[in-house]
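Here is the structure we will look at.
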Amino acid sequence: MTDFFSRRRFLKSAAVLPVAGALAAVPALAAEPPKRVGGASLKLSLNAYSFAKLLNDQLLGRGAGMSLAELAEFCAKHNFDAIDPTAYYFPGYRERKVAPDKFLFDFKRRCFELGLAISGTGTGNNFTVADKAARAKDLEWVKRTVEMAAKLGAPVVRVFADTQMRAQTWETVSNGAKRDEVEKWIADDIRACAEHGAQHGVIIGVQNHGDFIKTAADLISLLNRVDSPWCGAIVDTGYFKAADPYAEIAKAAPYAVNWQIKQSPLGVEKEAEAPTDLKRLLKIIRASGYRGYLPLETLSPRGGGGPAYDPFTVVPKFLADVRQALAETA
2 MTDFFSRRRF
12 LKSAAVLPVA
22 GALAAVPALA
32 AEPPKRVGGA
42 SLKLSLNAYS
52 FAKLLNDQLL
62 GRGAGMSLAE
72 LAEFCAKHNF
82 DAIDPTAYYF
92 PGYRERKVAP
102 DKFLFDFKRR
112 CFELGLAISG
122 TGTGNNFTVA
132 DKAARAKDLE
142 WVKRTVEMAA
152 KLGAPVVRVF
162 ADTQMRAQTW
172 ETVSNGAKRD
182 EVEKWIADDI
192 RACAEHGAQH
202 GVIIGVQNHG
212 DFIKTAADLI
222 SLLNRVDSPW
232 CGAIVDTGYF
242 KAADPYAEIA
252 KAAPYAVNWQ
262 IKQSPLGVEK
272 EAEAPTDLKR
282 LLKIIRASGY
292 RGYLPLETLS
302 PRGGGGPAYD
312 PFTVVPKFLA
322 DVRQALAETA
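Heads up: the sequence shown at position 15 corresponds to 16 in our numbering, and the numbers run straight through without jumps.
As structure tokens, this is what we get:
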């Protein structure tokens, strides 16, 4: 029995004591990083968003494109350890309809045949909006995604604490609510997701995306407020908005239940001038004792003007760079 759960049991029993103030001497519970043993152990996965256009082309009938099963074959050919099939590319996603079991199980079988694990999946949600009914609708969708993840054998579902609406921020969509109030909205919804995840054996991972969550302190504050062993951090290495993103990554790393490894810590616009120092990043990850998958995610530059984005070229190059950094930091 860990101290974490012992403290929880004590609080539950103390809550019924007749003595006023019995809990006053007990510090508020906070999220605790996973207890790791055996030192760092790192495996590589590919986030499906790296092939977003091609996957959407097929899903929406805009051309041949690529299926998730074909992406899994690409991963196998390049010897990835796993794949992260973002739920955006499941049939029915745009209509918020659960993907058919046949699709989920066929994909799971194909990954098994290819020797690929499924390292996690993710979905879109907005828990920062003032509209309580809209938040409730997204909460129910995350729960359905948890159920799909369980069928796939995906151990983690990635969710957002940041606003995912074009040209909007948490301040605008919350109608000017105070930060503490909005954090409570988010935490209450994510806690409900985590409770549902616990029933299905799926962890909820909160991804920093540069809006409500700009720093590691923001992320850890939210995890503390959620306060669930079924919720942890998805550390997105490209979306901390601080003077030293590596320092933010180092602070968040102990809480990681999964990652998104990006080509630049300063966002897709800075990939050419400020590429990720992969050796520095991997030293941070190793020092945290993290054991698990590192999903790589490459992004198409916004606005055009540069070379065309070709994931068939970009992904293998980034994969080779990460593998070299892994070898040099082992």
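The C-beta atom is built at its ideal place from N, Cα and C for all residues, glycine as well. Remember, it's a predicted structure, so these values are computed and weren't measured experimentally.
| Check | Outcome |
| --- | --- |
| Within 9 Å, strictly: CB atoms of Ile204 and Gly233 | yes |
| Rounded C-alpha distance that separates Gln169 from Thr129 | 11 Å |
| For Val99 and Arg145, the rounded distance between their alpha carbons | 7 Å |
| Residue from Gly62, Leu153 and Pro296 whose Cα sits closest to the Cα of Arg1 | The displayed coordinates of the chain run from 2 to 331. Any statement about residue 1 would go beyond what the structure contains. |
| Residue from Pro156, Asp132 and Pro317 with nearest C-alpha to Asn176 | Asp132 |
| Continuous alpha helix (DSSP H) stretch holding Lys44: start and end | Run containing Lys44: none in the alpha helix (DSSP H); it sits in the beta strand (DSSP E), Ser42 to Asn48. |
| Assigned exposure category for Val38 - 16 Cβ within 10 Å defines buried | exposed |
| Stretch-stretch touch, CB-based, cutoff 8 Å, three pairs: the stretch 100-113 with the stretch 65-75 | yes |
| Rounded separation between Pro140 and Glu329 - CA only | Contrary to the premise, residue 140 reads as Leu rather than Pro in this sequence. The straight-line gap from Cα to Cα measures roughly 42 Å. |
| Terminal residues of the alpha helix (DSSP H) in which Gly198 lies | Arg180 to His201 |
| Delimiting residues of the alpha helix (DSSP H) encompassing Val147 | Lys133 to Leu153 |
| Backbone CA spacing between Gly206 and Asn259 [nearest angstrom] | 7 Å |
| First and last residue of the uninterrupted alpha helix (DSSP H) at Trp171 | Trp171 to Val174 |
| Same chain, Cβ closer than 7 Å to His79, neighbours up to 5 away in sequence not counted | Pro317 and Leu320 |
| C-alpha distance - Gly211 paired with Leu60, whole-angstrom precision | 28 Å |
| Runs of beta strand (DSSP E) wholly within the stretch 198-231 (minimum 3 residues, chain order) | 204-208 |
| Beta-carbon spacing of Glu1, Arg303 below 9 Å | Residue coverage of the chain in this structure runs from 2 to 331, which leaves residue 1 outside it and unanswerable. |
| Proximity winner among Arg136, Ala155 and Lys152, relative to Thr164 (alpha-carbon distances) | Arg136 |
| Residue nearest to Ala83 in terms of C-alpha spacing, selected from Leu56, Pro101, Tyr50 and Ser120 | Ser120 |
| Per DSSP, cross-strand counterpart(s) of Asp1 | Here the chain has residues from 2 to 331 only, and residue 1 is not among them. |
| Boundaries of the beta strand (DSSP E) in which Tyr294 is found, first to last residue | Arg292 to Leu297 |
| Close-in-space but distant-in-sequence residues of the same chain around Ser42 (CB under 6 Å, 5 per side omitted) | Arg292 |
| Contact set for Leu327: own chain, Cβ-Cβ below 7 Å, skip 5 residues either direction | Leu43 and Leu283 |
| CB-CB length for Ala217 against Lys252, believed under 8 Å | 4 Å |
| First and last residue of the uninterrupted alpha helix (DSSP H) at Ala77 | Leu69 to Lys78 |
| For Glu270, the three-state DSSP class (helix, strand or coil) | helix |
| Backbone secondary structure at Thr129 - three-state DSSP | coil |
| Extent of the continuous alpha helix (DSSP H) to which Ala328 belongs | Pro312 to Thr330 |
| 8 Å Cβ shell around His201 - same chain, five flanking residues per side excluded | Val147, Glu148, Ala150 and Ala151 |
| Nearest-angstrom beta carbon gap, Ala32 and Asn225 [assumed within contact, 8 Å] | 5 Å |
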